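Below: the structure, in structure tokens.
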DNA sequence: GGTTATTGCTCAGTATGCTGATTATCAGTA
DNA sequence: TACTGATAATCAGCATACTGAGCAATAACC
């Protein structure tokens with residue numbers, strides 16, 4: 092019988108599980124309370140001021156129903172703002188707050204440290220190769236999940 | 092600024108997301124209703140008859156509080172049985188049912204097909220290399236999550 | 001202009017995955 | 001035997017991630 096270790100799906104689950112644990116531990120050590128998902132959303136809002144929720148979801152491949160709760164929590168923590176769009180009254184425009192900007196800046200070393208720890212079993216070359224192969228597999232499977240990656244159309 | 096695509100954590104999340112979607116789609120096409128997590132638990136129960144929940148959790152790196160709900164659903168679907176252990180009245184012994192065995196047998200082609208689809212962007216050699224690197228990174232990070240992989244001690 | 005289709009967001013419901021606490025039981029020791 | 005510590009399972013609570021439905025507003029078409 093096939094072992095779990097021969098199942099890419101199981102390896103994907105496990106690697107993700109570890110990566111989340113490492114991220115949370117590093118961020119907490121640095122004195123912050125932010126999940127990987129919240130971090131990616133906040134960084135993307137900062138890089139794309141005024142974007143709407145669907146665009147944000149597309150840029151980081153989150154489900155549209157998931158993003159609502161993520162933003163709720165960012166707003167509740169005072170890191171982001173959500174306000175009605177003037178151009179499209181269905182949409183919400185997202186902005187990072189000063190507090191959000193400060194948090195992003197101060198949290199960066201912990202985030203980078205986390206990325207290193209996730210790969211600590213691999214040489215630098217192996218780490219690069221792992222990322223390359225993941226990117227390639229993800230690109231081929233992008234349309235297979237409900238929340239594919241999408242470019243922003245500005 | 093570092094792009095999401097340079098963050099192993101983000102790639103881990105995305106690859107996992109796609110792998111789950113592919114698994115569910117293949118299994119549903121085959122006429123079954125079983126999640127990747129439920130599949131791994133059921134297969135492990137079959138391979139280790141009579142094991143308790145903590146041991147099961149260790150074998151597939153699930154959190155002990157997560158496994159309760161997973162088994163609830165397997166039992167509710169009639170695929171597994173949970174009964175008090177005679178040796179340790181705190182523990183529950185897990186068994187696969189005939190229906191569970193039938194399901195596992197019939198679902199196998201869909202599961203294998205799913206594993207292939209997840210890697211469809213990669214050559215066979217690249218797929219092997221991706222799995223090798225994931226295994227290596229996971230082994231180095233095993234103790235970093237709350238639910239590390241554990242051998243059964245029989 | 002009016003009808004239809006599409007889009008942005010939200011909600012209810014379900015399934016993982018975790019933190020931290022509690023209960024029942026077991027194992028080791030004084 | 002009584003006490004102490006560890007262990008198996010569960011629970012409440014929170015955060016992702018999804019399905020499918022619904023509402024409001026916009027876009028596309030006639």
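Chains as they are written, first to last, in the working numbering: chain A, 92 to 245; chain B, 92 to 245.
Yeah, the Cβ is synthetic: ideal placement off N, Cα and C, and Gly gets one too.
Computed from a prediction, not measured in an experiment: that's the story for all the values here.
Secondary structure remark: continuous alpha helix (DSSP H) runs of at least 4 residues inside the segment 174 to 213 of chain A, in chain order: 189 to 209. Residue contact check for residue 220 of chain A against chain B: a CB pair falls below 8 Å. In this structure, residue 151 of chain A sits away from residue 186 of chain A, with a CB-CB distance that is not shorter than 8 Å.
Close to chain A, meaning a Cβ-Cβ distance shorter than 7 Å, are the following residues of the segment 123 to 135 of chain B: 127 and 131. One alpha carbon belongs to residue 160 of chain A, the other to residue 174 of chain A, and they sit about 15 Å apart.
Measuring C-alpha to C-alpha distances from residue 181 of chain A to each of A:157, A:143 and A:226 identifies A:143 as the nearest.
Taking C-beta atoms as the reference points, residue 95 of chain B and residue 131 of chain A count as a pair closer than 8 Å. Within chain B, no C-beta atom comes nearer than 8 Å to that of residue 162 of chain A; the closest sits roughly 18 Å away.
If you compare the alpha carbons of A:156, A:157 and A:189 with that of residue 172 of chain A, the shortest gap goes to A:189.
Residue range 99 to 120 is occupied by the alpha helix (DSSP H) that includes residue 110 of chain B.
The three-state secondary structure of residue 171 of chain A, taken from DSSP, is strand. For the pair residue 167 of chain B and residue 191 of chain B, the Cα-to-Cα distance works out to about 11 Å.
For residue 169 of chain A, same chain residues with a beta-carbon under 7 Å away, outside a window of 5 residues either side, are 188 and 190 in chain order. Between residue 144 of chain A and chain B, the shortest Cβ-Cβ separation is not below 8 Å.
For residue 99 of chain A, a Cβ of chain B is located within less than 8 Å of the residue's own Cβ. Of all alpha-carbon atoms in A:123, A:177 and A:209, the one lying nearest the alpha-carbon of residue 110 of chain A is that of A:209. Chain-ordered, the chain A residues with CB closer than 7 Å to the CB of residue 226 of chain B read 96 and 102. One thing to note: residue 102 of chain B has its Cβ within 8 Å of the Cβ of residue 225 of chain A.
Under the 8 Å Cβ criterion, the segment 225 to 234 of chain A counts as touching the segment 199 to 213 of chain B, having at least three qualifying pairs.
The Cβ atoms of residue 146 of chain A and residue 243 of chain A lie closer than 8 Å to each other.
For residue 141 of chain B, no alpha helix (DSSP H) run applies, since DSSP gives it neither H nor E.
Linking residue 178 of chain A to residue 140 of chain A through their CA atoms gives a straight-line distance of about 15 Å. Annotation: residue 237 of chain B is outside any alpha helix (DSSP H) and is labelled neither H nor E by DSSP.
Neighbours of residue 206 of chain A in chain B, taken as residues whose beta carbon is under 7 Å from its own, are 98, 99 and 100 in chain order. Straight-line measurement puts the Cα of residue 231 of chain B at about 16 Å from the Cα of residue 204 of chain A.
With respect to the 8 Å criterion, residue 123 of chain B and residue 194 of chain B are classified as neighbours on the basis of their beta carbons.
Chain B places a beta carbon closer than 8 Å to that of residue 236 of chain A, counting this residue as a contact. CA-CA distance, residue 129 of chain A to residue 220 of chain B, rounds to 31 Å. With a threshold of 8 Å between beta carbons, residue 212 of chain B makes contact with chain A. Chain-ordered listing is empty here: chain B has no CB closer than 8 Å to the CB of residue 171 of chain A, the nearest sitting near 17 Å.
Around the CB of residue 234 of chain B, fewer than 16 other CB atoms lie within 10 Å, so the residue is classed as exposed.
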